[in-house]
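These protein sequence lines are chains A and B, in that order.
So the first sequence is residues 3 to 188, counted in this note's numbering.
So the second sequence is residues 3 to 188, counted in this note's numbering.
Notes follow once the structure below has been shown.
2 protein chains.
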Amino acid sequence: MTATFDVPARDADRTRAAILDAAQQIFAAKGFAEAGVREITARAGVNPSLVSRYFGGKLRLFEAALDAALHTRLMTDLPKEEFGRLIVARFAGDDQRVSPLPMLFGASADSEARAVAQRLLRERVFEPLKQWIGGDDADVRAARFMMVSLGFFTYRDQLPLAEFSGRIEPRLRQWLEREFQAIVDA
Amino acid sequence: MTATFDVPARDADRTRAAILDAAQQIFAAKGFAEAGVREITARAGVNPSLVSRYFGGKLRLFEAALDAALHTRLMTDLPKEEFGRLIVARFAGDDQRVSPLPMLFGASADSEARAVAQRLLRERVFEPLKQWIGGDDADVRAARFMMVSLGFFTYRDQLPLAEFSGRIEPRLRQWLEREFQAIVDA
DNA sequence: GACCTAAGTAAACGACCGTTTACAAGGTGA
DNA sequence: TCACCTTGTAAACGGTCGTTTACTTAGGTC
Numbered sequence: 003m004t005a006t007f008d009v010p011a012r013d014a015d016r017t018r019a020a021i022l023d024a025a026q027q028i029f030a031a032k033g034f035a036e037a038g039v040r041e042i043t044a045r046a047g048v049n050p051s052l053v054s055r056y057f058g059g060k061l062r063l064f065e066a067a068l069d070a071a072l073h074t075r076l077m078t079d080l081p082k083e084e085f086g087r088l089i090v091a092r093f094a095g096d097d098q099r100v101s102p103l104p105m106l107f108g109a110s111a112d113s114e115a116r117a118v119a120q121r122l123l124r125e126r127v128f129e130p131l132k133q134w135i136g137g138d139d140a141d142v143r144a145a146r147f148m149m150v151s152l153g154f155f156t157y158r159d160q161l162p163l164a165e166f167s168g169r170i171e172p173r174l175r176q177w178l179e180r181e182f183q184a185i186v187d188a
Numbered sequence: 003m004t005a006t007f008d009v010p011a012r013d014a015d016r017t018r019a020a021i022l023d024a025a026q027q028i029f030a031a032k033g034f035a036e037a038g039v040r041e042i043t044a045r046a047g048v049n050p051s052l053v054s055r056y057f058g059g060k061l062r063l064f065e066a067a068l069d070a071a072l073h074t075r076l077m078t079d080l081p082k083e084e085f086g087r088l089i090v091a092r093f094a095g096d097d098q099r100v101s102p103l104p105m106l107f108g109a110s111a112d113s114e115a116r117a118v119a120q121r122l123l124r125e126r127v128f129e130p131l132k133q134w135i136g137g138d139d140a141d142v143r144a145a146r147f148m149m150v151s152l153g154f155f156t157y158r159d160q161l162p163l164a165e166f167s168g169r170i171e172p173r174l175r176q177w178l179e180r181e182f183q184a185i186v187d188a
């Protein structure tokens, strides 16, 4: 029996997409260095050699995965009046979309991946954010945003010390919301 | 000719200390994963095998290096009235002492080293800080300290985006000082 | 001064990694 | 049906890493 929509057993586009999808998940979860090509391709259900064939190597796959994750709209579409509350909600995973920032930050261990992440972070996050904020000290405010975000994700995902299981402690969440709100407020 | 103080060519304690010293520098600069045993021992001027002999392996060396770095007094000796200004000065390297936090944070890439760093960070930084701050929301304030510190170091050392060459931009520094001061203020 | 233990070295080991190569199998058009 | 190109696989390659093993050498002791 055949399916209504033919799904060829061999479809390069589909395979490529499967690798990219698995890469996004695993890179986001484990960073660049600790994520293995064999692990990514295992999740995608294909042979490790296809990473080199379709993407030109692990680093280029990372770049492609990062680029794809950043194609989802970021934060500059949020209303400024509620920026603090909404960005924290997004970071906390309250809405469905996953933030691409953990993947960006997870690159910081490897020097080559760091260079890639740095470039994309600047072009696709930092500069748009700076433009969106506007004003004399837009660069300082954007830097503040980066620091608080970096601190939050690193603390939550890499070095969880306190009772950070599940959701954010309410007073901590309130502080985060005020921090982010203050960045966009005049 | 002989020196006034005899320095034996072979001195286990001295060698051990040399390895530990080199390890502190290189782990702080490159994190756990990217620092190699061969690189550390080369700086110490000894053979790589001595890491296993004297410390029991790379991970245990990391733990020892971290422990030694944390034996320098930390931040709970600063006067609370000037905590913000002084802690930023220390982070910025204005005073001579180097903060051990970069080494702690540099472990976050490797899962085993992360576990070690997490434990030491909790026992030697987080809990003392919490006690020192005091009050109902000491844990929340300590978490805020961790986040801002993590954000600062990661941004400065791992993903420098803006004009962060050399010293901190004055307005950014002012913001940091106020953040840290607010953590200890009632 | 011979001896013996501690200190240090050189080299190899085994494991893992990303990547490449050689080959098998599926799909398509003549 | 046969040829041909694409897709996918299996296995080996080359390199790096932390570690272990076998050996050499310095220095104190009887």
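In this text, a Cβ means the ideal position worked out from N, Cα and C, and glycines have one as well.
Keep in mind the model is a prediction, meaning the values are calculated, not measured.
Report back the beta-carbon spacing between residue i and residue j to the nearest angstrom; my notes put them in contact at under 8 Å.
i                 : j                 : result
ALA30 of chain B  : MET105 of chain B : 4 Å
ALA35 of chain A  : ALA117 of chain A : Not a contact, Cβ separation roughly 14 Å.
ASP69 of chain B  : LEU122 of chain B : 7 Å
LEU22 of chain A  : ALA91 of chain A  : Their Cβ separation, rounded to whole angstroms, is 27 Å, which puts LEU22 of chain A and ALA91 of chain A out of contact at 8 Å.
LEU80 of chain B  : LEU88 of chain B  : 5 Å
ARG124 of chain A : LEU163 of chain B : 5 Å
ALA109 of chain A : GLY33 of chain A  : 7 Å
LEU161 of chain A : ALA119 of chain B : 7 Å
TRP134 of chain A : THR43 of chain A  : Not really, about 38 Å apart at Cβ, beyond 8 Å.
Would you kindly check if the distance between the Cβ of residue j and the Cβ of residue i is under 8 Å?
i                 : j                 : result
ARG45 of chain A  : ALA24 of chain A  : yes
GLU114 of chain B : LEU61 of chain B  : yes
PHE182 of chain B : PHE107 of chain B : no
VAL48 of chain A  : ALA20 of chain A  : yes
GLY59 of chain A  : ARG180 of chain A : no
ARG146 of chain A : ILE185 of chain A : yes
The ligand FAD and residue i: does any heavy atom of the ligand fall closer than 7 Å to the residue's C-beta?
i                 : result
ARG175 of chain B : The ligand FAD is absent from the structure shown, which contains no ligand whatsoever.
Inside the region 56 to 120 of chain B only - alpha helix (DSSP H) runs reaching at least 4 residues: Every unbroken stretch of the alpha helix (DSSP H) spanning 4 or more residues and falling wholly within the region 56 to 120 of chain B is given here in chain order: 60 to 73, 85 to 94, 103 to 107.
Touching by the beta-carbon criterion (3+ pairs, under 8 Å), the region 136 to 155 of chain A and the region 42 to 55 of chain A: The region 136 to 155 of chain A is not in contact with the region 42 to 55 of chain A.
The region 170 to 177 of chain B / the region 138 to 146 of chain A touching (three or more Cβ pairs under 8 Å): With the rule of 3 Cβ pairs closer than 8 Å, the region 170 to 177 of chain B counts as touching the region 138 to 146 of chain A.
Whole alpha helix (DSSP H) elements within the region 3 to 54 of chain A, 4-residue minimum: The qualifying runs are 14 to 36, 39 to 46.
Alpha helix (DSSP H) runs contained entirely in the region 119 to 158 of chain B, provided each spans 4 or more residues: Within the region 119 to 158 of chain B, the complete alpha helix (DSSP H) runs of at least 4 residues are 129 to 135, 140 to 155.
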